[in-house]
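Here the structure comes first, spelled out in structure tokens, and everything after it is commentary.
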Amino acid sequence: MVANRVVKRIISGHFHASLTPLKNGKLGGTRLMSAPAGKRAAGVVDGTNDEKFDVAIIGGGIVGLATAREIVNRFSNARVIVVEKEKNLVPHQTSHNSGVIHAGIYYEPGSDMAYLCVEGARRLYEYCEKKGLPCKRVGKLIVATREEELTVLQYYYERAKANKVQGLEILRPDQIRDLEPNIQALQALHSPNTGITDYAQVGLSYSKDFLASGRGKIHSGFEVIAIEGDEKRGIEIYGKGSKMVKSRWLITCAGLQSDYVGYMAGGKKGPTVLPFRGTYHELKPEVRNIITRNIYPVPDPKFPMVGVHLTPRVDGSVLIGPNAALSLAKEGYRFRDFNLKDSLKFASNKGLWKLVLRNPGIVLQEVWRDINTKAFVREAQRYCPTLKLDDTAYGWSGVHAVAIDDDGKIIGDFLFEVGKAGLVLNVRNAPSPACTASLAIATAIVDQAVNTFDWKNWRHSTVV
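Its first residue numbered -19, the sequence shown is counted upward by one per residue in our numbering.
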């Protein structure tokens, strides 16, 4: 199996910080509509107590919660705790995004990102239907408005077919108008299986499944400041305010903080996670019918950002956005937000400078769109000329985690790392489409844990 080969490479290398990508997802690798800051879930408690757990998970976002759910579902006696820095669950990337269920178009064929996206989307549609969560298969058009974009559009069409994305077709201008009368383009790639949901609600549903097992706990307001451990005593996680959690094993799913937390957990300093702030504007209610499905420009294959797009939401609103401007704080939702620790880390990072110096025009363009609404809306007007500046209103911002290596290259796939004493599994990179793929990613993470932590014969609780 591919999985065994990769895991063997982890184990035969250095337990201390061995970085390993998944292989084909087979290892065993939105805000709330009314509450963009995240939401409290039933069963979430502040602080901690003297209990000991089999597995601790750092991170109460959608990936951490899906992983916790997967563990208690798979192991009948496992006792698991999730610790989250904020007071509410799903506070950052999970609850501040477009809410799109991606079909798997953009990703390199054969990559874990491609496999997990396609498989994750299938499972997510089934999950939302079963749980009665808001979910619509509205479809998507990727529109080429310039001659030079036609070749790139064909490139993505071939990629998507290789990824086994279903129902794709290239549309002519008249076919585009039949679907979306207000959209003008030379060609479009139509993906009928792209959809929309509310990922904050999905994440909270995962937390309810997890807590319903009776073997899971969630501690919010637990900001991790140190992680210690060895084979004899297991893992000790220390939080601000003299809080501590003990467990046998640890899985970190820390999102924007994954480089800081991964290093605390015995991993390498890199890759560095950069925060890119994406601003969203909203269409005013009277013009929301301007589109009925997701409308995306043709993205640059060299970058993970997919451009300013129009996105219908399950609550009836329509978004325009986002841009992608580098923030000076990991959780910098506003242009003026600044964090000294984060900024010093970025300023001293050679990889970031290489990335910026290789792409100065794009960096400046994204900053300009961040501060100039006309420039921002103009991007959408390229394919939707009937859209007017007065049709829009400022919405909100999200922060997107982008991992880069020391050479300034963006890491485009999921990445795992083994930490302290072989008792820690760090999820060092879980970029978009992590929300779409969350159920499949959780399966891959637990498959990896089965091999890394030797859980193959684990049937009963082994609390230290």
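Don't be surprised by glycine CBs; every beta carbon is placed ideally from N, CA and C.
Please name the residue in His170, Asp322, Ala424 and Leu403 whose C-alpha comes closest to that of Asp434.
As a working mapping, residue 434 is identified with position 454 in the sequence shown. For the residues His170, Asp322, Ala424 and Leu403, the minimum Cα distance to Asp434 belongs to Leu403.
Which whole-angstrom value describes the C-beta separation of Ile217 and Leu230, a residue pair presumed to lie in contact below a C-beta threshold of 8 Å?
Residue 217 sits at position 237 when you count from the first residue of the sequence shown. Residue 230 sits at position 250 when you count from the first residue of the sequence shown. Approximately 7 Å separates the beta-carbon atoms of Ile217 and Leu230; this is inside 8 Å, confirming the contact.
Supposed contact pair Val70 and Gly447 - C-beta distance, whole angstroms, cut 8 Å:
It is not possible to answer for residue 447, since the shown part of the chain is limited to -19 through 444.
May I have a chain-ordered list of the beta strand (DSSP E) segments no shorter than 3 residues that lie completely inside the region 35 to 96?
When DSSP assignments are scanned along the region 35 to 96, the uninterrupted stretches of beta strand (DSSP E) that are 3 or more residues long and fall wholly within it turn out to be 60 to 63.
Buried or exposed for Thr366, going by 16 or more other Cβ atoms inside 10 Å?
By one-based count along the sequence shown, residue 366 stands at place 386. Thr366 comes out exposed.
Three CB pairs or more closer than 8 Å across the region 380 to 388 and the region 334 to 345
In short, these stretches touch, since the Cβ pair count reaches three.
How would you call Thr10, buried or exposed, if buried means at least 16 neighbouring beta carbons within 10 angstroms?
As a first step, residue 10 must be located in the sequence shown, where it is residue number 30. Confidence at Thr10 is low in this model, with a pLDDT of 28, below 50, so its placement is unreliable and the value that follows should be read with caution. Classification of Thr10: buried, given that the 10 Å Cβ count is 16 or more.
Thr232 burial status per 10 Å Cβ neighbour count (16 or more: buried):
Residue 232 sits at position 252 when you count from the first residue of the sequence shown. Buried.
Roughly how many angstroms separate the alpha carbons of Lys330 and Leu324, rounded to a whole number?
Here the question's residue 330 lines up with position 350 in the sequence shown. Here the question's residue 324 lines up with position 344 in the sequence shown. Rounded to the nearest angstrom, the two C-alpha atoms are 12 Å apart.
Per DSSP, the bridge partner or partners of Trp229
By 1-based counting over the sequence shown, the position of residue 229 is 249. Within the DSSP bridge table, the entry for Trp229 names Val35 as partners.
Does DSSP classify Gln428 as helix, strand or coil?
Counted from its first residue, the sequence shown places residue 428 at position 448. The answer is helix: DSSP assigns Gln428 an H, G or I state.
Span separating the alpha-carbon of Lys67 from that of Asp295
Position 87 of the sequence shown, counting from 1, holds the residue named residue 67. Position 315 of the sequence shown, counting from 1, holds the residue named residue 295. Roughly 25 Å separates the two Cα atoms.
How many Å lie between Arg213 and Val35 at the Cα?
For the purposes of this step, residue 213 is taken as residue 233 along the sequence shown, with counting starting at 1. For the purposes of this step, residue 35 is taken as residue 55 along the sequence shown, with counting starting at 1. Approximately 13 Å, taken between the alpha carbons.
Out of Gln134, Pro292 and Ser307, point me to the one whose CA is closest to Arg257's CA.
The residue labelled residue 257 in the question sits at position 277 within the sequence shown. Among Gln134, Pro292 and Ser307, the Cα nearest to that of Arg257 is on Ser307.
For Asp370 and Ile61, I'd like the C-alpha separation in whole angstroms.
Within the sequence shown, numbered from 1, the residue matching residue 370 stands at position 390. Within the sequence shown, numbered from 1, the residue matching residue 61 stands at position 81. Their Cα atoms are separated by approximately 48 Å.
Exposed or buried, Lys120, counting other C-beta atoms within 10 Å across all chains shown (16 or more means buried)?
Locating residue 120 in the sequence shown gives position 140, where the first residue counts as 1. Lys120 should be labelled buried.
Who does Leu254 pair with in a DSSP beta bridge?
By one-based count along the sequence shown, residue 254 stands at place 274. Paired residue(s): Val382.
For Arg126 and Asp178, I'd like the C-alpha separation in whole angstroms.
To locate residue 126, count along the sequence shown from 1; it is residue 146. To locate residue 178, count along the sequence shown from 1; it is residue 198. In a straight line, the C-alpha of Arg126 is about 33 Å away from that of Asp178.
Using CA atoms only, rank isn't needed, just tell me which of Ser56, Thr74, Phe33 and Ile37 is closest to Ser418.
Along the sequence shown, read from residue 1 onward, the residue named residue 418 stands at position 438. When each option's Cα is compared against that of Ser418, the closest is Thr74.
Nearest neighbour of Ser297, chosen from Gln155, Leu96, Tyr374 and Arg362 [CA to CA]:
Against the sequence shown, residue 297 aligns to sequence position 317. Nearest to Ser297 by C-alpha distance, out of Gln155, Leu96, Tyr374 and Arg362, is Tyr374.
Report yes or no: do the region 390 to 409 and the region 246 to 256 share at least 3 C-beta pairs separated by less than 8 Å?
Counting C-beta pairs closer than 8 Å gives three or more between the region 390 to 409 and the region 246 to 256, which meets the contact rule.
Straight-line Cα distance separating Glu211 from Pro302:
Along the sequence shown, one-based indexing puts residue 302 at 322. Along the sequence shown, one-based indexing puts residue 211 at 231. If you take the alpha carbons of Pro302 and Glu211, they lie about 45 Å apart.
Label Glu160 either buried or exposed according to how many other C-beta atoms from any shown protein chain fall within 10 Å of its C-beta, with 16 as the threshold for buried.
Start at 1 with the first residue of the sequence shown, and residue 160 comes out as number 180. Classification for Glu160: buried.
Just to confirm before moving on: does the CB-CB distance between Arg408 and Ala383 stay below 8 Å?
As a first step, residue 408 is located in the sequence shown; it is residue number 428 there, counting from the start. As a first step, residue 383 is located in the sequence shown; it is residue number 403 there, counting from the start. Contact flag set, yes.
Taking the alpha helix (DSSP H) that Ala360 falls in, what are its first and last residues?
Sequence index remark: in the sequence shown, residue 360 carries index 380 (1-based). Where Ala360 is concerned, the enclosing alpha helix (DSSP H) stretches over Thr353 to Gln361.
Helix, strand or coil, according to DSSP, for Ile270 in the structure here?
Along the sequence shown, read from residue 1 onward, the residue named residue 270 stands at position 290. In the three-state reduction of the DSSP assignment, Ile270 falls in the helix class, which pools H, G and I.
Suppose the cutoff is 8 Å on Cβ atoms and the five residues either side in sequence are ignored; what does the same chain contact list for Lys111 look like?
One-based indexing of the sequence shown puts residue 111 at position 131. Ser185, listed in sequence order.
Terminal residues of the continuous alpha helix (DSSP H) containing Tyr243?
Walking along the sequence shown from the start, residue 243 turns up at place 263. Ser238 to Met244 is the extent of the alpha helix (DSSP H) around Tyr243.
Quick check: the Cα distance between Val278 and Arg362, rounded to an integer number of angstroms?
The residue labelled residue 278 in the question sits at position 298 within the sequence shown. The residue labelled residue 362 in the question sits at position 382 within the sequence shown. The alpha-carbon atoms of Val278 and Arg362 are separated by roughly 11 Å.
Determine the contact status of Pro153 and Ala140, defining contact as a CB-CB distance below 8 Å.
Translated into positions along the sequence shown, residue 153 becomes position 173. Translated into positions along the sequence shown, residue 140 becomes position 160. Contact flag unset, no.
Opening and closing residue of the alpha helix (DSSP H) in which Gln155 lies:
Against the sequence shown, residue 155 aligns to sequence position 175. Counting along the chain, Gln155 sits inside the alpha helix (DSSP H) bounded by residues Pro153 to Leu159.
Of the residues Ala48, Glu397, His380 and Asn406, which one's Cα is nearest the Cα of Arg195?
Numbered from 1 along the sequence shown, position 215 holds the residue referred to as residue 195. Distances from the CA of Arg195 to each of Ala48, Glu397, His380 and Asn406 were compared; the closest alpha carbon is that of Ala48.
Quick check: is any heavy atom of the ligand MG less than 7 Å from the C-beta of Ser185?
Inclusion of the ligand MG in the displayed structure is not the case, the ligand content being empty and no account of it being possible.
Can you tell me which of the three DSSP states Asp370 falls into?
Counting from one through the sequence shown, the residue named residue 370 turns up at place 390. If DSSP states are grouped into helix, strand and coil, Asp370 belongs with the helices.
Output needed for Tyr309: all residues of its chain with C-beta closer than 8 Å, excluding positions within five of it in sequence on either side, in chain order.
As a working mapping, residue 309 is identified with position 329 in the sequence shown. Rather than Tyr, the amino acid found at residue 309 in this sequence is Ala. Counting only Cβ-Cβ distances below 8 Å, and skipping sequence neighbours, we find Pro255, Asp317, Phe318, Asn319, Asp322 and Ser323.
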